[in-house]
Structure formats: C-alpha cells, structure tokens
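Line by line, the protein sequences give chains U and X.
For the first sequence, this note's numbering begins at 410 and goes up steadily by one.
For the second sequence, this note's numbering begins at 7 and goes up steadily by one.
Where is the CB? At the ideal position from N, CA and C, for every residue including glycine.
Read through the structure below, which is laid out as structure tokens, and then see the notes.
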Amino acid sequence: MLRKSLAFVEIAARQRARDRAAIVGRMGFYALILFIFSRLWEVVLARTPVPGIDADSFLWYLAITEWIVLSVPLLHLEIERDVVRGDLAYRLTRPVPYPLARLAEGFGDMLVRMSVLGAFGFALAFVYTGTIPIGPWGWVGVAALGVSAGALTLVFYMTIGLLAFWIHDTRPVYWMWQKASFVLGGLIVPLELYPDWLRALADASPFSALLHGPGRIALGGPPELVFEVAAKLLVWSAVAITILILVFRRGLRSVVIGGG
Amino acid sequence: MPVQPRDRAHGSGHVVALLRGYAALMRTNLRSSMALRVAFVMQSVFMALNNALFFVIWWVLFERFEEIRGWRLDDFAALYGIAAAGYGLSVIFAGGVPDLAQRIEDGDLDAMLTLPQSVLVQAAAATTRPAGWGDLVSGIALIALGGHLSAWVILAAVLSAVTFTASGVVLHSAGFWVRRMETLSRQAQEFVLAFSLYPPSLFGSTLKLFLFTVIPAGFASYLPAEIIRAPTAITVASAVVGTLLYAVFATWLFARGLRQYASGNRFGVRQ
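Here it is in structure tokens:
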C-alpha cells in the first residue's frame, strides 16, 4: 500500500512540476504579501516597538506561515468535483482507497509547491531583511513542521471536499475554514500580539499548531518548541483523520442508497 | 476563422438597446441564482462572515498599534468596506468577467458573436455570483462600523465596482493575444483586490503611480475610501474621471482583442 501511495505522490509531483502557471501566480502573490508587510512592520514597529521581536523576525514569521498556506493545493475542489460529477464511483474500484490516493496526490503536488515557494519566499525574505534569524536546526524544524502542517491541512481540505455529498458547493465552508485559520493560526499577526482571550481560543484550535507553531521558530522560540508543536500536530492529525474516515463512510453510504 | 466584431456603440438608440439587453440578462441571472435558495444564502452569509473574520486580524493589529501612518481602525474599515462592497457589486452585476479569459481560450464567445448585443456585455452578464451579496452587505456594515455611512457610499461603491470590473476586463483580455491566460488573469485580479485592501500610506510615490495605472487599486479603493472619509470636489472629480477613463480603456482593449479572436470549432446552443 505504501509503494502504491508513493507512486501517487510521484505522479502528482511530476504533473505539478510540468504545469507551472499556478505556482508562478502564487509566487507573485507571495512576493506581494512579503513586500506589503515588510513596509507595514517597519512602519508600525518604528512607532510602537514590541519587546524582544524586531521587524525582520516578523517578516520571517510571515514568510514561513505564508509558505505553508500558499503551498497546500486546494484539494477540496477536486474532491467536490469527484463527488458532484460522479467520478468517485469509478475511482472507488481502484486498488488504493480513494481518500489515501487523493491525499497522496495532494501531498505530491504540495511537495513541489513547497520546494519552489520555499526557495523563492525565503530568498525574498533574506533580500528584504538582510538577515536569517533561524539556525541550521531551526531550519530542520521549519521544514519538518511545515510539511507536517501542510499534510494535516490536506486532510482537513479533503474532509471539506467530502461535504459535497450533502451540500454540493463546498466553497463557503472552505472560506470560513481558511479565514478561521488565518485569524486563529496567526497567519499575519503572531499570536503573541493577540488579546489573552483570543490567544486562548487560538491555542485550543488546530490552527495555532498549523501556522503559528512553525512560524514561531523565526521569533526565537526555545528548541523544545519544535517537539511541542509536533506533538500538537500529531494529536490534531489523529482527530482530523478520524473525522475524515467518519465523513467518508457516511458519505459513501449515501452514494449506495442513491445508486451512485 | 477571424470574425468581425460588433462591439461598439452607435448612437443613443444603441445604448438604450444595450442597457435593455443587459437588464434582461441580469433579471434572468438574479432569478436563477435566487432559485437555488440554500446555495444563495450559504454563499452570501458565509462570504459576509468570511470578511468579518478577516477584519478581526486588522482589529488585532490596530488594537495593538493604534495607527498605521495616520490610518486608524475606522479608516481601515472604510477602505476594507468600500473594497468589499465594490467587489461585491462587480461580481453580482458583471459576474462573467472572471471567466472571460477561459471563454476566450475555449472559443465560448462564438455564440455571443451571433447575437445582436455587445459581446462584452453578454460575457460580463453571463453569470452572477451570490457571494457578492455577502461582500456588499459586509462591506456596508464595515463602513457603518467605522462611522462613515453616508450618501457618498453609493457613488464610492459604484466607482469601485466599475474599476474592479474594468480591471478584470483588461487582465482577461490578455487571453486574446496570449494562450492559456485564465489562471494568470485570475491571479492578477487577486493582485488588484489584495493591493486594494492595504492602506496606501504604506507605499512610496513610485508604487502609488503603479497603483493608479497598471494595478488600479487607487481607483478601486483608495479614492472611493477618500470619498467616504472626507469628500472634496477634487477627490470626487479625480475618482470619477479616473474610473471612466479606465473603463473606456478596458472597453477599447476588449474590442481590439475581439478582432484577434479566432472562432472555436465547437457547436453549442446558448440558452
């Protein structure tokens, strides 16, 4: 099963490497966001400094969180298409379970995006700041946590896509999930700057581990931070996979009842 | 096969016919989008919540730093609100624009060329996006929250909507000259929207020039926001003239592009 899944990863990665339009667009958007926030942090921190954190660290934080957000393919749209058009029916007959095959494809696509966008975005952050506030072990942590966070996000996207069994158009659910992750994950503003009540809410959600966790390495978090975030990601992965399995089984039942 | 486009207004009678045709298309679109009530309500409500949630990030930022180069939270609410309202109006009344490059690529303009109506108007009014209502309502709510609700909001929102629509037409018209532009055109449209959401005081004068020409965020949100924050004759005149010029340019560019358009070879019937 592992070999078959890896084959899906490889095929999707090759496809993404050939079709570059989406990555080029995301690179442009990435550059735009980094440029705007390099200006913004410079302006606001010159007036009201934050003890212990400078504008460069804030920009590197954003470079990491945006890297994760922009690298994850919008898997829910493909799942929604499979369900609504009925393509799911013939995919179910394949030797690899449908969710696993689709997740493996999404993962392969994500790895290519992460490689390209990471090289581009981190180089750009260096150009803007002239510094790299992350040591060699920090980079290992960023890579490991970033890939894990991206994989967990794919599981959530897949679940959102499977909601097409009941609501057909899953985009509104995705919008809410995405914006919740931006706010509670601290995509732009690190959670350290949040009011206490909102920080507590963010910490109780999966989003803080998905974005703020990896990003915090740029703000100079302690070395054990990586293990703490990895443990949180592991727990949330178990929760997300359980929900995915339940939703898929439930949805599949409705396909059988409806005749496919 | 090269086609002879007929996308130019000829006299006031033609303009009246154009508006009538557009109104008829929009009536049908709005009815059909509201017929799917659950999808309509979900998309509208969730888009409004989506905007409200995104605004929370800025609330956190302003709560902590109070102002960004003279911009306070209420000013930002005006900027974000007018951009949301303008974009909402654009996708409600010209919801086909984001599909324009795709239509050009697929040869979908063929059926439109056979009808006695402007191709641009037909393509723009080909669909409406219910999420736009959520943008519109949340945009106006944010403007009200910032304490800037007045009659000027109507003019500002219309100008913003015209700019968003015109910039969409310009970016998607690239599909007439360059193949497979649909993804890049959509992403470039996102650029315009993204730039529209940040206080212009962050940018230097060179970039501002860029933002009033190539990426017209200046006409999409900065000037409309100024109109509702502190209207002056110069601001209003600049916004109106700039927006009209940009709209004329978009229409001209589309008409030019249409001359390049080569018909597809698919057969279909337009309902």
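{"query": "Backbone secondary structure at Val459 of chain U - three-state DSSP", "result": "strand"}
{"query": "Leu571 of chain U classed as buried or exposed, judged by whether at least 16 other C-beta atoms fall within 10 angstroms", "result": "buried"}
{"query": "Contacts of Tyr439 of chain U in chain X (Cβ-Cβ under 7 Å)", "result": "Correct list: empty, because the minimum Cβ distance to chain X is about 11 Å."}
{"query": "Alpha carbon of Ala532 of chain U to alpha carbon of Arg427 of chain U, nearest angstrom", "result": "23 Å"}
{"query": "is_contact[Leu415 of chain U, chain X] using C-beta, thresh 8 Å", "result": "no"}
{"query": "Touching by the beta-carbon criterion (3+ pairs, under 8 Å), the stretch 46-59 of chain X and the stretch 135-146 of chain X", "result": "yes"}
{"query": "Chain X contact for Arg448 of chain U (CB, 8 Å cutoff)", "result": "yes"}
{"query": "Beta carbon proximity, Arg186 of chain X to chain U, threshold 8 Å", "result": "yes"}
{"query": "3 or more residues per run - each beta strand (DSSP E) lying fully within the stretch 466-498 of chain U", "result": "none"}
{"query": "Residue-chain proximity (Tyr470 of chain U, chain X), Cβ-Cβ < 8 Å", "result": "no"}
{"query": "8 Å contact criterion, which Phe209 of chain X and Leu217 of chain X should meet: CB distance rounded", "result": "7 Å"}
{"query": "DSSP-derived helix/strand/coil call for Ile221 of chain X", "result": "coil"}
{"query": "Complete runs of the alpha helix (DSSP H) confined to the stretch 47-107 of chain X [at least 4 residues]", "result": "79-99"}
{"query": "Through-space distance from Ala100 of chain X to Trp64 of chain X, alpha-carbon basis", "result": "29 Å"}
{"query": "Option in X:Ser179, X:Arg43, X:Pro122 and X:Ala45 with minimal Cα separation from Phe255 of chain X", "result": "X:Ser179"}
{"query": "Validate contact between the stretch 155-171 of chain X and the stretch 226-235 of chain X using beta carbons, cut 8 Å, 3 pairs", "result": "yes"}
{"query": "Candidates U:Ile597, U:Val598, U:Leu593 and U:Ala618, of which the one nearest Trp606 of chain U by Cα", "result": "U:Leu593"}
{"query": "For Val598 of chain U, three-class secondary structure by DSSP", "result": "coil"}
{"query": "Neighbour-count burial assignment, Leu708 of chain U, 16 or more Cβ in a 10 Å radius", "result": "The question about residue 708 of chain U has no answer here: the residues shown for chain U are numbered 410 through 669."}
{"query": "Range covered by the alpha helix (DSSP H) that runs through Tyr566 of chain U", "result": "Pro545 to Leu571"}
{"query": "Validate contact between the stretch 625-636 of chain U and the stretch 482-497 of chain U using beta carbons, cut 8 Å, 3 pairs", "result": "no"}
{"query": "Contacting positions in the stretch 518-552 of chain U - beta carbon closer than 9 Å to chain X", "result": "none"}
{"query": "Chain U residues whose Cβ lies nearer than 7 Å to that of Asn5 of chain X", "result": "Given a span of 7 to 277 for chain X in the structure shown, any question on residue 5 of chain X remains unanswerable."}
{"query": "Meets three-Cβ-pair contact criterion under 8 Å: the stretch 19-30 of chain X and the stretch 118-130 of chain X", "result": "yes"}
{"query": "Limits of the alpha helix (DSSP H) - the one that Gly113 of chain X falls within", "result": "Unbroken run through Gly113 of chain X: none, as it is neither H nor E."}
{"query": "Alpha carbon of Glu419 of chain U to alpha carbon of Asp518 of chain U, nearest angstrom", "result": "9 Å"}
{"query": "Proximal chain X residues relative to Val598 of chain U, where beta-carbon distance stays under 7 Å", "result": "Ile63, Val66 and Leu67"}
{"query": "Interfacial residues, the stretch 592-618 of chain U to chain X, with Cβ spacing under 8 Å", "result": "Val592, Leu596, Ile597, Val598, Leu602, Tyr603, Pro604 and Leu607"}
{"query": "Contacts that Ile445 of chain U makes with chain X (C-beta to C-beta distance below 7 Å)", "result": "Tyr204 and Leu208"}
{"query": "Simplified DSSP assignment, three categories, for Ala416 of chain U", "result": "helix"}
{"query": "Chain-ordered chain U contacts of Ile74 of chain X [CB-CB under 8 Å]", "result": "Leu449, Val452 and Val453"}
{"query": "Distance CB(Ala589 of chain U)-CB(Phe565 of chain U) smaller than 8 Å", "result": "no"}
{"query": "Nearest-angstrom Cβ-Cβ length linking Ser6 of chain X and Ile234 of chain X, presumed shorter than 8 Å", "result": "Only positions 7 to 277 of chain X appear in this structure, which leaves residue 6 of chain X out of reach."}
{"query": "Cβ pair Met53 of chain X, Trp586 of chain U closer than 8 Å", "result": "no"}
{"query": "Residues of its chain near Gly550 of chain U, where Cβ-Cβ distance is below 7 Å and the 5 sequence neighbours each way are ignored", "result": "Ile626 and Val635"}
{"query": "8 Å Cβ cut-off: residues of chain U touching Met40 of chain X", "result": "Going along chain U, no residue has its Cβ under 8 Å from Met40 of chain X, so there is no contact; the nearest lies around 15 Å."}
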